[in-house]
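Asker: To start, I am sharing the structure in question, which I have written as structure tokens.
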């Protein structure tokens, strides 16, 4: 009697044949392969970035590259490419992806995913020096929230932030975020807003902004929060619009009593939260509805993507 498990089968049609980049080669995504001893596979020992492209133009590319470089430095992985090389590969993937779908790159929005792992070695915990990093990139359509979500807002739930204390690294070790996001999935909500003790940290895959008395507040940029690229963008928008903006510790009571709550990420842009733990967000006539600060941020965000 055989004790071996049957080989898993994968329907190749579930993995698209869109072009990707892997260690110097462009290949169909369904044909891309890495070693089973890659430390990204074994340990989650790697970092990633997600860069939106609007009409074929990479958005806030330099800021994404700066964060990628910070994350690589934290993991003691040498940056395998220059910024010019990253940009060149991303540009080709955008063009090839558009050609593959038959939609001109200038007519659609795409999302470039970048991942760098430490590389291949026999399984051992120490950060072995001298390994050749594994570099993977792919490009997919950027699917933004629909008009109904923007009109009505979205529901979120709250939870303790049980992840590790190096959340400032954009690491591929995402099991904590996976568990956190599943809490909201199980509740039929869009995001999980997390707290460390009594203070707001972030959501499972988004930053969280609190609006009170016409002012926008965000958590401090520290090791407990990933500094989303929209941190800088929202500050710029607020400054240009004359909206007071401040980063500081935010108590849970302030979140629960907020005038508005807003999520931000590459795929959400900015998105209003109108229901938190089953309770409407806000006060007075705006209660349970997207608020005026969100409307101003969203309009300015759209202008920024077209600049």
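Numbering (the numbering used here), first residue to last: 11 to 317. Think of the CB as a built atom: it goes at the ideal place given N, C-alpha and C, for glycine as much as any other residue.
So for residue 72, helix, strand or coil by DSSP?
Answerer: helix
Asker: Given a cut-off of 8 Å, decide if residue 235 and residue 229 are closer than it, judged by their beta-carbon atoms.
Answerer: yes
Asker: Which whole runs of the alpha helix (DSSP H) in the segment 162-230 are 4 residues long or more, in chain order?
Answerer: 185-196
Asker: Around the Cβ of residue 43, are there at least 16 other Cβ atoms within 10 angstroms (buried) or fewer (exposed)?
Answerer: exposed
Asker: For residue 81, name the three-state secondary structure that DSSP assigns.
Answerer: helix
Asker: Helix, strand or coil for residue 306, going by three-state DSSP, please let me know.
Answerer: helix
Asker: Cβ atoms of residue 200 and residue 164: under 8 Å apart, would you say?
Answerer: yes
Asker: First and last residue of the alpha helix (DSSP H) that includes residue 51?
Answerer: 49-52
Asker: Kindly identify the DSSP beta-bridge partner or partners of residue 249.
Answerer: For residue 249, which the question treats as bridged, DSSP gives no partner whatsoever.
Asker: First and last residue of the beta strand (DSSP E) that includes residue 144?
Answerer: 144-151
Asker: Which residues bound the alpha helix (DSSP H) around residue 111?
Answerer: 93-111
Asker: With residue 263 as the anchor, note down where its alpha helix (DSSP H) starts and where it stops.
Answerer: Segment 262-266, the alpha helix (DSSP H) holding residue 263.
Asker: Since residue 28 is in the beta strand (DSSP E), which residue starts that stretch and which ends it?
Answerer: Neither: residue 28 is in no beta strand (DSSP E) and is coded neither H nor E.
Asker: Does the Cβ of residue 92 have 16 or more other Cβ atoms within 10 Å, making it buried, or fewer, making it exposed?
Answerer: Burial check for residue 92: the Cβ neighbour count within 10 Å stays below 16, so the residue is exposed.
Asker: Answer with yes or no whether the minimum CB distance from residue 133 to chain D is below 8 Å.
Answerer: In the structure shown, chain D cannot be found, because there is only a single protein chain.
Asker: Out of 62, 105 and 181, which one is the CA nearest neighbour of residue 125?
Answerer: Of 62, 105 and 181, the residue nearest in Cα terms is 181.
Asker: With a cut-off of 8 Å on the beta carbons, I'd call residue 268 and residue 291 a contact; round off their distance for me.
Answerer: That pair is a contact at about 6 Å.
Asker: Look at residue 277 and residue 152 and say whether their C-beta atoms are less than 8 Å apart.
Answerer: yes
Asker: Tell me where the beta strand (DSSP E) around residue 287 begins and ends.
Answerer: Premise fails: residue 287 is in no beta strand (DSSP E) and is neither H nor E.
Asker: With the cut-off set at 8 Å, would you say residue 131 and residue 104 are in Cβ contact?
Answerer: no
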